[in-house]
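Numbering (the UniProt record's numbering), first residue to last: 1 to 286.
Where is the CB? At the ideal position from N, CA and C, for every residue including glycine.
For clarity, every value in this text was computed on a predicted model and none was experimentally measured.
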């Protein structure tokens, strides 16, 4: 009985910008607070749009680009109050980075309102890179680790993670205010594919070219770079918006790195900004 009490003392919370297998959420008792997305004036909870391909179809037929919103402060407060009622003594909340969403700040305000002992962490990432941190934290919490140990491990995982995103169209990023209009216009006119790295809380373009070969050329170069540095890869995540075919092609190439690979469709929050045909390759090093 003592071990059960230790295990349940610290609870892990995240937001629905995470791309994660539902079985992991259940296994590690992770609480996922949903963001919302508005499509043609109708507000949907991100957690209700998880059926494969559903949101992309909605976005294709929408009159204007959907708008995403962070969870309300009150929802965070209610979530933290409920976890305390369930026996949580401390809570670690790990979220999408602040330059992409106001979720971290809403979480902090909700924590303050609830009076719960909540440590809010900006993951510096989103999608499966957020998953890397959340799952490691949840494993430690289950094993009875202290708050300091969990926070230190999350920071370590953050420092050893990389996220690269490839987009086939910059239209959504322009409409969402994530990049300049001129860049997006040129991309559309020239059939340009763009690879960006999410680093230091910013999206930076690292490669671009015409046609899909831009993506495969970058991937080959990226894999060779990892092999040349002789870095041991712990796990790989591939997320996609649209069909999974190219994601599986990438996985075949990435297998040479000898790490488990998770292929998942990204959620509505990320798809809103990337558009169809986008992908992300996320790597966590040992």
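Following the DSSP letters along the chain, one finds residue 90 inside the beta strand (DSSP E) bounded by residues 90–95.
Between the segment 47–60 and the segment 151–164, the count of Cβ pairs shorter than 8 Å is below three; the stretches do not touch. Taking a contact to require three or more Cβ pairs closer than 8 Å, the segment 27–43 and the segment 134–142 qualify as touching. Residue 10 has 90 as its beta-bridge partners, per DSSP. Boundaries of the beta strand (DSSP E) around residue 281: 279–285. In the DSSP assignment, residue 63 falls outside any alpha helix (DSSP H) and carries neither an H nor an E. Counting only the Cα atoms, residue 97 lies some 20 Å from residue 45. Membership of residue 164 in the beta strand (DSSP E) is indicated by the continuous run 161–167.
The beta carbon of residue 234 sits closer than 7 Å to those of 259, 284, 285, 286, all from its chain and outside the five residues before and after it, given in chain order. CA-CA distance, residue 242 to residue 278, rounds to 7 Å. Residue pairing by DSSP places residue 127 opposite 18 in a beta bridge. Within a 10 Å sphere around the beta-carbon of residue 22 sit fewer than 16 other beta-carbons, which makes this residue exposed. Per DSSP, the unbroken beta strand (DSSP E) holding residue 234 starts and ends at 233–240. Looking at 25, 34, 24, the one whose alpha-carbon comes closest to that of residue 269 is 34. Taken through DSSP and simplified to helix, strand or coil, residue 138 comes out as helix. Per DSSP, the unbroken beta strand (DSSP E) holding residue 202 starts and ends at 202–210. Cβ contact annotation for residue 165 (same chain, cutoff 6 Å, sequence separation greater than five): 196, 280, in chain order.
Annotated as distal: residue 128 and residue 106, with beta-carbon spacing of 8 Å or more.
For residue 38 against residue 67, the beta-carbon gap comes to about 5 Å, under 8 Å, which counts as contact. Around the beta carbon of residue 95, a 10 Å sphere encloses 16 or more other beta carbons of the protein chains shown; the residue is thus reported as buried. The alpha-carbon separation between residue 273 and residue 240 amounts to approximately 13 Å. Per DSSP, residue 122 is one residue of the beta strand (DSSP E) stretching across 118–122. For residue 202, the closest C-alpha among the options 50, 194, 99 is that of 99. DSSP places residue 101 outside both helix and strand once states are collapsed to three, so it counts as coil. In this structure, 267 is the residue among 276, 151, 267 with its C-alpha nearest to the C-alpha of residue 126.
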